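Protein chains: 4
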Amino acid sequence: MVDIGIVAVGGYNEVGRNMTAIRIDKDIVIMDMGIRLDSVQIHEDVEIERMHSLDLIQMGAIPDDTIMNQIEGSVRAIVCTHGHLDHIGAVSKLAHRYKAPIIATPFTMELISQQLRSERKFRIGNTLVRLNAGETYRITDDIELEFIRVQHSIPDCVFAALHTRGGTILYANDFKFDRFPILNEPVDERRLRQLGREGVLAMIVESTRVDVNGKTPSENVAKDLVMDVITGIGDTDSGIIVTTFSSHIARILSVVEAASRSGRVPVLLGRSMDRYWEAVKKMEYIRERFPEDLLVAGDRKQIDKILKRIVSEGKEKYLPIVTGHQGEPGAILTRIGDGDTPYEMSKGDKVIFSATIIPTPMNAANRYAIETKLRMKGVRIYTDIHVSGHAAREDHWELMRMINPTHVIPSHGNLSMTGSYAELAEELGYVLGEDVHLLRNGQEIALR
Amino acid sequence: MVDIGIVAVGGYNEVGRNMTAIRIDKDIVIMDMGIRLDSVQIHEDVEIERMHSLDLIQMGAIPDDTIMNQIEGSVRAIVCTHGHLDHIGAVSKLAHRYKAPIIATPFTMELISQQLRSERKFRIGNTLVRLNAGETYRITDDIELEFIRVQHSIPDCVFAALHTRGGTILYANDFKFDRFPILNEPVDERRLRQLGREGVLAMIVESTRVDVNGKTPSENVAKDLVMDVITGIGDTDSGIIVTTFSSHIARILSVVEAASRSGRVPVLLGRSMDRYWEAVKKMEYIRERFPEDLLVAGDRKQIDKILKRIVSEGKEKYLPIVTGHQGEPGAILTRIGDGDTPYEMSKGDKVIFSATIIPTPMNAANRYAIETKLRMKGVRIYTDIHVSGHAAREDHWELMRMINPTHVIPSHGNLSMTGSYAELAEELGYVLGEDVHLLRNGQEIALR
Amino acid sequence: MVDIGIVAVGGYNEVGRNMTAIRIDKDIVIMDMGIRLDSVQIHEDVEIERMHSLDLIQMGAIPDDTIMNQIEGSVRAIVCTHGHLDHIGAVSKLAHRYKAPIIATPFTMELISQQLRSERKFRIGNTLVRLNAGETYRITDDIELEFIRVQHSIPDCVFAALHTRGGTILYANDFKFDRFPILNEPVDERRLRQLGREGVLAMIVESTRVDVNGKTPSENVAKDLVMDVITGIGDTDSGIIVTTFSSHIARILSVVEAASRSGRVPVLLGRSMDRYWEAVKKMEYIRERFPEDLLVAGDRKQIDKILKRIVSEGKEKYLPIVTGHQGEPGAILTRIGDGDTPYEMSKGDKVIFSATIIPTPMNAANRYAIETKLRMKGVRIYTDIHVSGHAAREDHWELMRMINPTHVIPSHGNLSMTGSYAELAEELGYVLGEDVHLLRNGQEIALR
Amino acid sequence: MVDIGIVAVGGYNEVGRNMTAIRIDKDIVIMDMGIRLDSVQIHEDVEIERMHSLDLIQMGAIPDDTIMNQIEGSVRAIVCTHGHLDHIGAVSKLAHRYKAPIIATPFTMELISQQLRSERKFRIGNTLVRLNAGETYRITDDIELEFIRVQHSIPDCVFAALHTRGGTILYANDFKFDRFPILNEPVDERRLRQLGREGVLAMIVESTRVDVNGKTPSENVAKDLVMDVITGIGDTDSGIIVTTFSSHIARILSVVEAASRSGRVPVLLGRSMDRYWEAVKKMEYIRERFPEDLLVAGDRKQIDKILKRIVSEGKEKYLPIVTGHQGEPGAILTRIGDGDTPYEMSKGDKVIFSATIIPTPMNAANRYAIETKLRMKGVRIYTDIHVSGHAAREDHWELMRMINPTHVIPSHGNLSMTGSYAELAEELGYVLGEDVHLLRNGQEIALR
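Chain order of the listed sequences is L, H, X and A.
Its first residue numbered 1, the first sequence is counted upward by one per residue in the UniProt record's numbering.
Its first residue numbered 1, the second sequence is counted upward by one per residue in the UniProt record's numbering.
Its first residue numbered 1, the third sequence is counted upward by one per residue in the UniProt record's numbering.
Its first residue numbered 1, the fourth sequence is counted upward by one per residue in the UniProt record's numbering.
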């Protein structure tokens, strides 16, 4: 009999810093190594790149993987299923402790590589393995990894299925059922249903929005909202600025298209805009969706130069797409609001937030400050031009029905979220403590 | 000098029972005569059709037009700008007191006629005048009425412009700036801008959603949401029921199209579904958008017969579109939830609410009851598949800029809403009490 | 070794219908048998007294004790720890199935007896055993029951400690740490600390308000609020009506005292006011706190007669304390609001709600209706003159520190509440699934 | 005929920066000159003491009194009705522009003097006149000022009545009807009723909490809450820290008493604690309520020394009462939370917030940060041990009935608050625009 254990390392008591270890006898596969940024945010003057992992663990910013010492076995692979920081942000702090390859899809791997290059404290020597959605990789003789295409809010997301002699474990964290996506293919439902028929021993699944009614709308609806607002502004000679997630390439693509349709030149501005664009440039199939001559700038001088040009040629000719949707100090929108750039806001100019406020009081305060400053200049503000990238209640219900796993382990959430997932599972006949399990950071469950 | 007065009769202290009188010297034009249904709802056993207007006035259900006695002048016309009950619902109770024609667009007039036919207490003999959007009608030698196409959440909505020797008064209650509508043409912005250039003395404008950030998305976004949910349900052999506003013909059209696309026969069920369908049948340009053989039933026996057939042929072949989105007692969805029809809900069946809860505690309680009962049967619920029909903050900002009226009079809202409108107007340079005016039911303002 | 099991029968998935079975080898002790009224409320025309238990179980209104068949052993006692309906309301429907005495404090037993007398469907023959706080009762040779005085929002509440050869189990559902109570002694903290030192195997504890910050204030604060409002109303010649929980005798006492202090004659009106007063009359130590000649009426005719007298003698001379704080149909306040009694409300009369809205949409709607009707008559309304009877977060933290139980089993709450309790326990070093346990209705846990 | 005008200078579009000018023919009396701190808070590195008034006006931080140039007449007096910064905080920036005495109660005047001493930009030479509650002062031959005792959340608050040939104007901003106050006498209701009988032309009244149901409880209830929490903490050997408003002397007195009762030595720590204590020391009748040997420290070194001593002697022997209830950067609680003082928090220590979060997102974020840091150290937190100092809806209803002014002018609030006040006034028969007036900053109304 194979002995399989699931170890909740991070992301089971909170949203953020995801990390799960799956143990098959003495072989361990780690899923994700994320960071939790709001733990950092309440402290000032923290420079993550230079910090030691133990300090970050103590702050609750990265998973406490010291518990791995108590797990008998060797780590054979580190798998990252998409490129958001709460899934890859601790790789540069933790991966060097394990003699194991890092496996990810090409886009995700680009982002991991960037991070490893900017790390100042540790030197990471792990092998990097690029694996496409739909492909498989043999981790050991007995463990095969399969990547299955899903949709979320960053390109190239996958579920990771571990096929073992003891059964298949599906790691499903994060996703949405987008049937009309803007980038990449829709979720590979055919394969998921097939997996379900073949039998899945355990599914580890995100639970961030399980309390939200219904299904999460397609990113296509977000595109419509973006088009509706940008092309619908009657007041065509005012300045318009859009701010959104730098990693949300599909969204940025929609904004770029809306810009073109309304006769404005789109420009991507901000350090992280530039960083993600570097990754996009490596992905031909994404790159080709954007205009050849798209202007992107990440360095402060260059940005100010472009903003100067925009002002002199006429704001109504451009559509800057900038960082700062959470009012982050130092982001472009914040600097513009503070009057620290050549782009002076005037009465009637528009700022469009294609993002929601990530619900922490620090973000609320930052957003309030930037919105107040903009309003004092007479700027018109459009908020929440956005659709989530996370599955809602009925999406989860559908996924559970498709996969029909023997065990369900909700992850990526606090107890209130994973508890809600358990209640949903109960509606499908699962029983808490028997086949749906509430793990807490630091706990291991043995699957019978 | 012409002496112009605006009399706030109803809808200035509340949402609902809209009625405004515009006095040009001794000639009076009444805009809208609506009912406020939540005033009725807290009382049991009220049968409106048989009630006298004074009792309804005392309950706060219809405008208190007794104040009209103190206005010197004669009513020359009663104008209804769209067919919702909060704009036409008191016509059958109040119009007979005035010797004046009722003027409305064709679809609106159909609904008024229906209402007059079902009135049991009063006999209404006023002349009925159908006027199309884009057309004008001479009320007196000195007063010309013009209808301007707008969009809202019922077909055939208009703004009413009264051209007088003293200037133009624009009645703009209700609307949204929908640039990609499903039915009818978009808002006639060209004419609105022209009006603005010609000069508008006063604009009376709704204020229900002026506190909502940004712009109200197009009904096209609602269509996407409907499509996304209905065609995106993986579980194709379960029953699906949609409930929405019977008067929201554009929405119903989207649901009907989604039904067809997912291979289900759409069926409209419910007394008010049938009533609005009667009006639709008279409008060829709307009727032709629907399938020739669309099934519609309003009478209880017939509905139960159809539901029986659906069950016997297979729920997965049909898409009932039913009344009851607010959980109203007696509506089809409520009856289904109570197990009072041949359509038995089973585990995994879906109910889609293409509507929000109209925010009164009574509705919240009714919705809670129906949702709880459905969930107890294992039904999966999708809520808020909806986009509003009312302008949001930035839409109002754009309208004010287009029209640039000398005076602004926010209407259709409580003081908190009309007050918010005044604050918005202040951002455009208006001054409270000078050129933006907060009226209360029963007050008249003289325009200088 | 003794084999001890805790069976979650009801109240582990919801607030209401509490029932826990504690099994010591083959001997079973049942703690509480409650009803959940909001499950009944969404259905109309339900007459509980005549309903069969299986129907009530199916509606989710009473605990599903059919699972008891699968528990090996015999029920030796049914213990009720206080007299609220969510703890005793199912006794008349379920107790007859067990050949075991019902044990409760004197006040609680009065209420149980009333209920058994009004039951129409079943005949209950169980022996009734009155046990005072501070006393013990030998259930079997090996099981001793001890009642420990606590405070809540009804007189004569206790924790039940079961002393067995396998250790002590403490049933702590519901309570608050009131150090300045109005009725009875404060919580017997001395005994609780002693218990903690002796060792407690398991504590079963309520979790309704564990999410509320800090500590729940003393009922003494509620008394101050009541005094402040009633004696502070400057307008001394208007009518004042207070509505509060009929079972909250301490609160009623404070209102009665405030009435006297402001020179008004207190009168208790309403069916359930009368019913609880019947129980009070049997408790000499409570009875003597009230005026000798207190007027109480439960029967409709009598109530109307008293209200008539009040109106004729002058409203300012009386203080009616009535049922209807949730706007319940048929309650006295509701009837007064509907104008169905001789007590006509006039402009400037006051209604004081010494209660919060129990948070279900049905209550919100009922309260909205009654408040709206009262406001339409010009009545001034004072709400939330109230302090909760349930422990808050820090009270629970203190209790856990006092008792220091080996195992903690949060009860009386949905998973979100019991989950929050578990998180609190984690702050004290407990580990989910090891020594703090989330049970769901129908589950048994074996204690190691 | 006397010509009376009321000029809304500040506090009519917002909470904060109160300033109203009352013009009697050519004589002007200014009521309050306040600052609005949240306008400053969104900017970093602002040092108010060194800023020019025009810059502060531009930021919206102090009233825009440049409009006074357009008012014909001379300022004869500047009256401050209590010592909160939103009523006196702009005196040092604006008073020097007027050749007029500053009139205030003794405690208020102490605070004004402190402020004038710390001003770095302007030199203020106005005469300072101390006037007690119950006394009058002749401003001109025709204008007499009367101070009437009220209660709020700082000592020595008054209403200001201006008796003029044209009638009496009552300035009632801020107050609560506290019938059981901790400091000073209750509101002088006898005099208010008398004023009402004599006739009041206009009442200018605060509206911050007019939307809150019922009446604001007495400060006595806050004292009970403080006692309940502090003396009720079972865990007597842990550290306890209380944080509250430095200016709320009555509250501090209650905390000091609770400290004594629980055998702990109270210590007041923080710059503003020290500053207000300086003012208290000048008021014998307040000073004598506190222990002779009360320890107070405002200077950093001294504070750290005291904290060191507390730690070495035993935290359980002291009760530090500190600044930082809003999590303000630099305040003592914030420094303790950051580990920047000798007072190390340990597991089980308590922090009691005897304050609510003043509702701006910046405060919410600061409070979140400090609470999170404290919780990470295992500190137990008690929040909202507080009762407001502002009148609620029914208090306002009572005041209006007492005074029965010909005109009502709600102030100190945004339009949503002053609008709510107007709706309340309507319930008493006032008519918007006729005898209840909504002014906006910069507007003058002439009283007929």
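Backbone N, C-alpha and C define an ideal beta-carbon position, used for all residues, glycine too.
As the structure is a computational prediction, the values presented were derived from the model and not from experiment.
Classify residue i as buried or exposed, calling it buried when 16 or more other Cβ atoms lie within 10 Å of its own Cβ.
| i | result |
| --- | --- |
| residue 446 of chain X | exposed |
| residue 326 of chain H | buried |
| residue 155 of chain A | buried |
| residue 291 of chain H | exposed |
| residue 18 of chain X | buried |
| residue 329 of chain H | exposed |
Looking at C-alpha atoms only, which residue of the options is the closest neighbour of residue i?
| i | options | result |
| --- | --- | --- |
| residue 358 of chain L | L:18, L:38, L:17, L:25 | L:38 |
| residue 239 of chain X | X:247, X:230, X:246 | X:230 |
| residue 88 of chain H | H:288, H:64, H:343, H:113 | H:113 |
| residue 2 of chain L | L:96, L:169, L:224, L:295 | L:169 |
| residue 425 of chain L | L:403, L:414, L:443, L:444 | L:403 |
| residue 460 of chain L | H:133, H:53, H:212, H:18 | Residue 460 of chain L is absent from the model: chain L starts at 1 and stops at 448. |
| residue 142 of chain A | A:289, A:416, A:4, A:314 | A:4 |
| residue 111 of chain L | L:437, L:139, L:80 | L:80 |
Would you tell me roughly how many angstroms separate the C-alpha atoms of residue i and residue j, rounded to the nearest one?
| i | j | result |
| --- | --- | --- |
| residue 409 of chain H | residue 435 of chain H | 8 angstroms |
| residue 441 of chain H | residue 60 of chain H | 11 angstroms |
| residue 146 of chain H | residue 108 of chain H | 16 angstroms |
| residue 315 of chain L | residue 35 of chain H | 47 angstroms |
| residue 268 of chain X | residue 351 of chain X | 15 angstroms |
Taking 8 angstroms as the CB-CB limit, is residue i close to chain A?
| i | result |
| --- | --- |
| residue 239 of chain H | no |
| residue 451 of chain H | Outside the displayed span of chain H (1 to 448) sits residue 451 of chain H, for which this structure offers no information. |
Is the shortest distance between the beta-carbon of residue i and the beta-carbons of chain H less than 8 angstroms?
| i | result |
| --- | --- |
| residue 372 of chain X | yes |
| residue 209 of chain A | no |
| residue 169 of chain L | no |
Taking the CB atoms as reference points, tell me whether residue i and residue j lie closer together than 8 angstroms.
| i | j | result |
| --- | --- | --- |
| residue 177 of chain A | residue 187 of chain A | yes |
| residue 401 of chain X | residue 235 of chain A | yes |
| residue 197 of chain X | residue 148 of chain X | no |
| residue 76 of chain A | residue 27 of chain A | yes |
| residue 265 of chain A | residue 277 of chain A | no |
Beta-carbon of residue i versus every beta-carbon of chain L: anything under 8 angstroms?
| i | result |
| --- | --- |
| residue 149 of chain H | no |
| residue 42 of chain A | yes |
| residue 215 of chain H | yes |
| residue 202 of chain X | no |
Under a CB-based cut-off of 8 angstroms, is residue i close to chain X?
| i | result |
| --- | --- |
| residue 266 of chain H | no |
| residue 355 of chain H | no |
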